[in-house]
Every structure is written in structure tokens, then in C-alpha cells.
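Beneath this line is the structure, given in C-alpha cells, with notes to follow.
Number of protein chains: 2
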Amino acid sequence: MLRVNKKIEYGIIALLYLAQKEEQTASVREMAVSCSIPEALLSKIMQTMKSKGFVQPVYGNQGGYKLTRSLTDINLLEITQTFQGPIQVAECLSSENHKCPAKALCTIISPMTVLNQKIVTLFESTSLENLANRKTAI
Amino acid sequence: MLRVNKKIEYGIIALLYLAQKEEQTASVREMAVSCSIPEALLSKIMQTMKSKGFVQPVYGNQGGYKLTRSLTDINLLEITQTFQGPIQVAECLSSENHKCPAKALCTIISPMTVLNQKIVTLFESTSLENLANRKTAI
DNA sequence: TCTTATAAGACTAATCTAGTCCAATAACTT
DNA sequence: AAGTTATTGGACTAGATTAGTCTTATAAGA
Ligand code: SF4
Ligand code: SF4
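Quick look at the structure:
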């Protein structure tokens, strides 16, 4: 399936929503209702995005979150890495390479690495601004 | 993570192995040992590949499987579809669109569709021959 | 008939996903 | 100061997927 998970999608939708509100804050409830996203889940997602510096919280009444970065500055790779870890089309690629039994004799590590890089590049070069305008960069 | 599953990888490795044996058959055991792939699992994988017409079984002593198609003719998309279903970077894309709560108001279906198509094209235009030569086509 | 294979099905443990629920804390309003 | 609105952080869950295993049946050459 090669799916991006829901946190990534909901996270992006929320960031696009915030961008459209410009400097104003939007509460989790407002975003959840406006975008039909489960509120408790979106709350978790926003916490993660806060910790990564995409948004800034505002406590108390009339509080919520606001964007701290421009959409043109945030790319899809950062978001997916935040919620799904590094893109690795095969488990042995990148960082700790687990325990694939076929590794020693594997004939496809090298092409898988190339394929992986293609996908990484595609994600990296697609900003949220690109997404908002319904296009990918490459 | 965006990972391709093990069946896909093991399946490709097995097909490359068969190709290298040219017209000869190779048994599941031989392939499993030669490639360090769990035998019972590879057996399952080969059954699926037989049902999709990638290989042909030969029963009995000295039996095994042989390739029925050229590596240049098999692309990565077919293999992934065989073992992981259609590529859909978001669950709502393609065929039966499940039940995403955000669907009615979703701001990213359209760009996700474009992104999905990019990945499909990348997979589709990469033949196993390309993989064996350590490159992707696009 | 024996042996070597594939065929097919049921079964499993571990992991990931998409959530929920609850108690705590921060800060604005009145 | 109290009440209200919000974020925070933790634990918890059902269901799906993954990566296997095991067992029995069947095909066919020697
Ligand atoms: S070693 Fe080969 S089969 Fe194993 S995860 Fe890496 S690329 Fe895939
Ligand atoms: S969030 Fe949007 S793109 Fe993702 S599955 Fe739901 S409707 Fe489709």
C-alpha cells in the first residue's frame, strides 16, 4: 500500500487550515470541527507538531495554535519523518538496519537504495505550499 | 516508513535468481538457501507468483519453478500490487475509499492523488531488469 | 512405491495504526 | 480569587498488517 499515515494527513490538513487563518490562532476544537478530524487525535498531533516547532501554542481562553513557519518552508519529508520516521522503502535502509535474513546475499539493496532516494527527493522537494496548490514539485 | 513488504523483496530476489539460471528450474529449497530466505515463506511467495503468471511450476524430482516472463517485461508496480495491493499514498485513493472522516472537507485529496501518481509512475517504469542493473528508470 | 517437489490452509507473535480517556496545568476573563 | 477555556502528557484499546510457521495433500519422476 505504501501509505502515509493519518497523523501525517491530518497534520498537513491542520497546518493548511492554520495558514489560511493567517496570524490568528485556531483551537484544536475549531480545527477538528472544521476539518472533520477526531479532536482527541488532532490534539495529539498538534502536540507533536509543537514539539517539532511547526506551531506554537497559546494557552487559555481564545487560545489555540498558530503557525511558526511558512508553508513554503515546510516540506513533506519533514512531516512524514515526524510521524512515521525516516522513509525506507526496505527495512535495511537507513540507520539501524534491523535483522533481514537475506541481507548478506541480497541482490536488491543497491537498487532499493536508489529507489528510496527517489522517493525521499520527491517528498523533500514538495512543500506544503506546493500541496496547497495541488501540485508536487518534481 | 513507506515500506515495501518482505514478500515483495523476497519475490524480486527469487525472480532475479531464476533469471540468472536462465531456462533451468530452481526449487524453492535451492532458492531459499541460496538467498537466505525462510523456505516456508518463499514457498508461499512462489505460489502467489505462479498464480499471477510470473513463474511456472515443475512438479516432482528435479522440479521447481521457472520464469515465464522476461525481466524487462516485469515492472515493480506489478510485483507490489501482487503482494501489497494498489499503491495508495492515502487510503481514500483508488477503488473502495474506506471511511476517512475528513473526506468531505479534505484539502489534500487532490495533491495526494498527484503524489500517488508520481510514485506509481516511478514503480511502473522500473523493470526488474532495471533493478538487476541497480538503477530506476525515472 | 519411494522420494522430491509444489499446493493450500490454518495458525501465530509482534508490531503498527488510529484512535480514546483521563488527570494535570496554563492563562485569560469576570 | 474563581471559573472557563485550552493545551499537556500519559496510559490504554481494538483492529489490521507483517512475517512468519506448521501440517496435510497432491503431482510426478525414478
Ligand atoms: S537486505 Fe535486501 S531483502 Fe533484506 S531488507 Fe534489505 S533490501 Fe530488503
Ligand atoms: S485525509 Fe484526505 S487524502 Fe487522506 S484519506 Fe482522508 S480524505 Fe483522503
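Residue numbers (this note's numbering), protein chains in the order written: chain A, 10 to 147; chain B, 10 to 147.
The beta carbon of each residue, even a glycine, is placed where N, CA and C say it ideally should be.
Fair warning: this is a prediction, and the values are worked out from it, not measured in the lab.
Residues that residue i contacts on chain B, provided the C-beta gap is smaller than 8 Å
i: A:I22; result: A111, C115, T116, I117
i: A:L80; result: Those do not exist, as A:L80 stays about 12 Å from chain B at its closest Cβ, beyond 8 Å.
i: A:Q97; result: M10, L11, R12
Any non-hydrogen atom of ligand 1 within 7 Å of residue i CB
i: B:M58; result: no
i: A:I128; result: no
i: B:I22; result: yes
i: B:E48; result: no
i: A:K108; result: no
i: B:A141; result: no
i: A:C101; result: yes
i: B:T55; result: Per the sequence shown, residue 55 of chain B should be read as Met rather than Thr. The answer is no for B:M55.
i: A:S133; result: According to the sequence provided, residue 133 of chain A is Glu. The question's Ser does not apply to it. Flag unset: Cβ of A:E133 not near ligand 1.
i: A:E31; result: no
i: B:E39; result: no
Partners in chain B for residue i, counting only beta-carbon separations shorter than 7 Å
i: A:I88; result: Within 7 Å Cβ-Cβ: nothing; A:I88 doesn't reach chain B, min ~11 Å.
Residue i beta carbon near ligand 2 (any heavy atom closer than 7 Å)
i: B:C115; result: yes
i: B:A111; result: yes
i: B:I118; result: yes
i: B:M121; result: yes
i: A:I18; result: In the sequence as displayed, the identity of residue 18 of chain A is Glu instead of Ile. Yes - ligand 2 has a heavy atom lying nearer than 7 Å to the Cβ of A:E18.
Residues that residue i contacts on chain A, provided the C-beta gap is smaller than 8 Å
i: B:S94; result: The question names Ser, but residue 94 of chain B is Gly in the sequence shown. Within 8 Å Cβ-Cβ: M10.
i: B:T91; result: Here the premise fails: no neighbours, minimum Cβ distance about 13 Å.
N- and C-terminal bounds of the alpha helix (DSSP H) containing residue i
i: B:G20; result: 15-29
i: A:V123; result: 118-133
i: B:L76; result: Run containing B:L76: none in the alpha helix (DSSP H); it sits in the beta strand (DSSP E), 73-76.
i: A:V37; result: 37-44
i: A:Q90; result: 85-93
i: B:P61; result: A small correction: the amino acid at residue 61 of chain B is Lys; Pro does not occupy that position in the sequence shown. Note, B:K61: premise wrong, no alpha helix (DSSP H); not H, not E.
i: A:N139; result: 137-141
Per-residue contacts from residue i into chain A (C-beta, under 9 Å)
i: B:Q65; result: Here the premise fails: no neighbours, minimum Cβ distance about 22 Å.
Contact list for residue i against chain A, beta-carbon separation under 7 Å
i: B:L76; result: The contacting residues do not exist; B:L76 stays about 15 Å from chain A at best.
Proximal residues of chain B, C-beta to C-beta of residue i below 9 Å
i: A:E138; result: Result: empty, since nearest Cβ-Cβ is about 11 Å, beyond 9 Å.
N- and C-terminal bounds of the beta strand (DSSP E) containing residue i
i: A:Q65; result: 64-67
Q | Under 8 Å (Cβ pairs) to chain B, residues found in the segment 16-40 of chain A | A | Among the residues of the segment 16-40 of chain A, those with a Cβ less than 8 Å away from any Cβ of chain B are E18, Y19, I21, I22, L25, Y26, in the order of the chain.
(Q) Along the segment 37-62 of chain B, where does the CB come closer than 8 Å to a CB of chain A? Name the residues. (A) Near chain A, meaning a CB-to-CB distance below 8 Å, the residues of the segment 37-62 of chain B are S43, C44, S45, I46, P47.
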